[in-house]
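Report on the following structure.
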Amino acid sequence: MATLLKPSVAVGDHTSQALYYDPANAFDFRWPPVPRRQFLTERERAFDSSTPTGLVPLDASDVLKTAYPATTPSLLAQYLRLRGGESFVTHQRASGEVYFVMHGAGESRKGSDTVAWREGDLFCFPGGLETMHSCEDDIAILFCVSDEPLVRFQGLQPPRTGEALVDTVHWPAAEIDKRLDTVYARENSKEEAGRAVLFSSQALAPARNVLPMMVAAINTLEAGKDQRPHRHNGVAITLALQSEGVYSLIEGERVDWVSGA
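What follows is the structure, given as structure tokens:
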């Protein structure tokens, strides 16, 4: 015998939000193009001695047409400037946050995890909650990248404590240098676009990523040489650590590198 279950609430009409497309118009759509931009003004602010402790976002939301800060549709890059003896709290709605130490020394703390960092170090934390950054030197400048735009676009929240895929990880500068020495000690194959070290973690090793949808690497270029032409399947954010005499050709347009941008 069948049992008829009655809904506990009245059935509403939800058809007014439905949209329909056909092959004639379904694909007539383009996301705003990602601009080629060096963010030199933001770089000057981050390195200006009069700039207070805080974040300097590399925000292209004006051309990406997003309602939130974004450098690319899925990533947000920011400078974090810390004055000596001062602290700053960040709270990012992201799956994870990655920091490269451009200058200075200090420590960053999230929950029970603390990373003591120095110039040239790379480290990451899971997203969400507060991250406290403190500076030991007269000044410290860090470059931070997170996937906050991607999380916001999907209307999601960072994972709860203990459920994050991203772990707290620290890649010290001394170990990075050792890995680069190993790369330079062997002959470069034709399949390699350059001499680089890519970063990942135990949790994300299968994808070779530093965040679920982000690759991070230190790339190098030998004096008098160039990198063979290549393309990225996704957008790329490049931070020039040394820029003397270096430039990129992007679709025929020359972009001269500027250290720290």
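The opening residue of the sequence shown carries number 317 in the numbering used here; numbering runs sequentially from there. Even glycine gets a Cβ: it sits at the ideal position worked out from N, Cα and C.
Please give me, in chain order, every unbroken run of the alpha helix (DSSP H) with length at least 4 that falls completely inside the region 453-519. Qualifying alpha helix (DSSP H) stretches, in chain order: 464-469, 489-501.
Across which residues does DSSP place Gly412 in a beta bridge pair? The partner list for Gly412 (beta bridge, DSSP) reads Pro442.
Within this structure, are the beta carbons of Ala577 and Ile457 separated by less than 7 Å? Taking a C-beta distance under 7 Å as the contact criterion, Ala577 and Ile457 do not qualify as a contact pair.
On the DSSP bridge assignment, give the partners of Met448 in chain order. Bridge partners of Met448: Val405, Arg425.
Secondary structure of Arg352, DSSP reduced to three states: DSSP, read as helix, strand or coil, puts Arg352 in coil.
With DSSP as the reference, please indicate the residues paired to Gln395 in a beta bridge. Reading off the sequence shown, one finds Tyr at residue 395, where the question assumed Gln. According to DSSP, Tyr395 bridges with Val372, Phe459.
Buried or exposed (CB count within 10 angstroms, at least 16 for buried), Ser424: Counting Cβ neighbours within 10 Å, Ser424 comes out buried, since at least 16 surround it.
Roughly how many whole angstroms lie between the Cα atoms of Gly370 and Leu380? Straight-line Cα distance between these residues: approximately 24 Å.
For my contact list, Pro563 and Val571 are in at a C-beta cut-off of 8 Å; report their separation, rounded to the angstrom. Pro is not the amino acid found at residue 563; the sequence shown has Tyr there. 6 Å between Cβ atoms; contact.
Pairwise C-alpha distance: Ser505 and Gln354: About 31 Å.
Only counting the same chain, and skipping five residues up and downstream in sequence, which positions put a Cβ closer than 8 Å to that of Trp487? Asp437, Leu438, Phe439, Phe515, listed in sequence order.
In three-state DSSP terms, what is Arg589? Absent from the model: residue 589. The displayed extent of the chain is 317 to 577, so no value can be given.
Hey, how far is the Cα of Leu481 from the Cα of Val526? Here the C-alpha atom of Leu481 lies approximately 11 Å from the C-alpha atom of Val526.
Counting beta carbon pairs with one atom in the region 415-433 and one in the region 463-476, are three or more of them shorter than 8 Å? With a cut-off of 8 Å, the region 415-433 and the region 463-476 do not count as touching, because too few Cβ pairs lie within range.
On the DSSP bridge assignment, give the partners of Ile534 in chain order. Paired residue(s): Val513.
Grab me the residues of Arg495's own chain with a C-beta within less than 6 Å of its C-beta, minus the 5 sequence neighbours each way, in chain order. The answer, listed in chain order, is Val513.
Please report the straight-line C-alpha distance between Pro528 and Ser517, rounded to a whole angstrom. Approximately 11 Å between the Cα atoms of the pair.
In the DSSP assignment, find the alpha helix (DSSP H) that holds Leu380 and state where it starts and stops. 377-380 is the span of the alpha helix (DSSP H), which, as asked, contains Leu380.
Take Ile553 as the anchor and find which of Gly510, Ile455, Thr387 has the nearest alpha-carbon. Cα-wise, what sits closest to Ile553 is Thr387.
With a CB to CB cut of under 7 Å and the five nearest residues on each side skipped, what residues in its chain are close to Ser390? Result list for Ser390: Asp463, Pro465, Leu466, Met529, in chain order.
For Leu472 and His419, I'd like the C-alpha separation in whole angstroms. Approximately 33 Å, taken between the alpha carbons.
Nonlocal neighbours in the same chain, by C-beta distance under 6 Å from Ser450, ignoring five residues either side: Cβ neighbours of Ser450 beyond the five flanking positions: Ser403, Gly422, Glu423.
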